[in-house]
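Engineer: With the first letter of the sequence shown counted as 1, position 152 gets the number 151 in numbering that gives the first Met the number 0; the numbers rise by one all the way through.
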Amino acid sequence: MATTEEEVVATVPKKRRSPLVIGLAVALLAVSGVCAYALTALRGHDKAATASAGKHDADAKPVDAQPELFLPLDPAFVVNFRDDASMRYLQVGVTLMAHDQAALDTVKSVDPVVRNALVMLFSRQDYAILADPAGKQKLQAEALEAVRKIVASRTGKPGIDALYFTSFVMQ
0 MATTEEEVVA TVPKKRRSPL VIGLAVALLA VSGVCAYALT ALRGHDKAAT ASAGKHDADA
60 KPVDAQPELF LPLDPAFVVN FRDDASMRYL QVGVTLMAHD QAALDTVKSV DPVVRNALVM
120 LFSRQDYAIL ADPAGKQKLQ AEALEAVRKI VASRTGKPGI DALYFTSFVM Q
């Protein structure tokens with residue numbers, strides 16, 4: 000009695016999968032699909048943002064532009080100034096930015112002159128004005144102008160592109 004393959008298959012009992020196992024498998028596939036989609040979307044967003052930023056940067060400055068160079072003026076400036084009621088203290092960390100190393104070298108060579116000009120400027124300030132962000136921005140612009148004036152008197156050009164307050168503490 001020869002049995003055919005069809006009869007053997009028909010006589011083997013079919014295993015029933017538990018609904019719990021099927022549900023877990025479907026949930027796992029759904030979660031992995033969502034994760035794959037999210038990663039793909041993030042990569043696409045990052046590439047688009049990078050391409051957009053690169054295009055914007057390319058429009059903003061020429062390819063042959065010099066890198067930004069920074070010079071922190073250490074130690075931080077500490078000055079006292081009079082408020083209506085009491086003596087106040089101001090500590091300001093200052094960093095200069097330029098695209099020309101020669102300008103920063105000039106600042107280094109005349110550091111005492113630059114520091115004196117900034118100390119005098121900082122000590123003339125009014126507490127009520129510096130408590131306001133607009134007052135800090137005005138002081139920053141005045142400090143940049145003072146440094147530019149010193150550099151220009153030695154090199155013939157302002158040379159310093161920006162001045163940053165890296166710390167600003169009033170007491």
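Where a beta carbon is used, it is the ideal one built from N, C-alpha and C, also for glycine.
(1) Once you ignore the five residues that flank V62 on each side, which residues in its own chain have a CB closer than 7 Å to its CB?
(2) Compute the distance between the beta-carbons of V146 and V113, then report whether it is under 7 Å.
(3) Check this for me: beta carbons of A97 and I159, under 7 Å apart or not?
(4) Say whether the segment 118-125 touches the segment 63-72, bearing in mind that this needs 3 or more beta-carbon pairs closer than 8 Å, one atom from each stretch.
(5) For T165, which option in T154, K156, K135 has the closest C-alpha, if you only look at C-alpha atoms?
(6) In whole angstroms, what is the alpha-carbon distance linking N115 and A64?
(7) Count the other CB atoms, across all protein chains shown, that sit within 10 Å of the CB of I128; report buried if there are 16 or more and exposed otherwise.
(8) For L143 and V106, I'd like the C-alpha separation in whole angstroms.
(9) Is it buried or exposed, L162, if we count other Cβ atoms within 10 angstroms and call 16 or more buried?
(10) Mind checking who S166 pairs with in its DSSP beta bridge?
(11) Please check the pair L95 and L103, which I expect to be a contact at CB under 8 Å, by giving their CB distance rounded to whole angstroms.
(12) For the alpha helix (DSSP H) containing R114, name the first residue and the last one.
(13) In terms of alpha-carbon separation, which member of V93, V78, K148 lies closest to M86?
(14) With DSSP collapsed to three states, give me the class of A64.
Structural biologist: Looking at the atomic coordinates:
(1) At V62 the pLDDT is 47, less than 50, meaning the model places this residue with poor confidence; the figure from the coordinates comes in the next sentence. Once the five neighbours on either side are set aside, V62 has no close Cβ partner at all.
(2) yes
(3) yes
(4) no
(5) K135
(6) 32 Å
(7) exposed
(8) 12 Å
(9) The residue is buried, with at least 16 neighbouring Cβ atoms inside 10 Å.
(10) G92
(11) 7 Å
(12) Under the DSSP assignment, R114 falls in the alpha helix (DSSP H) whose first and last residues are 110-122.
(13) Looking at the Cα atoms, V78 is the closest of the given residues.
(14) coil
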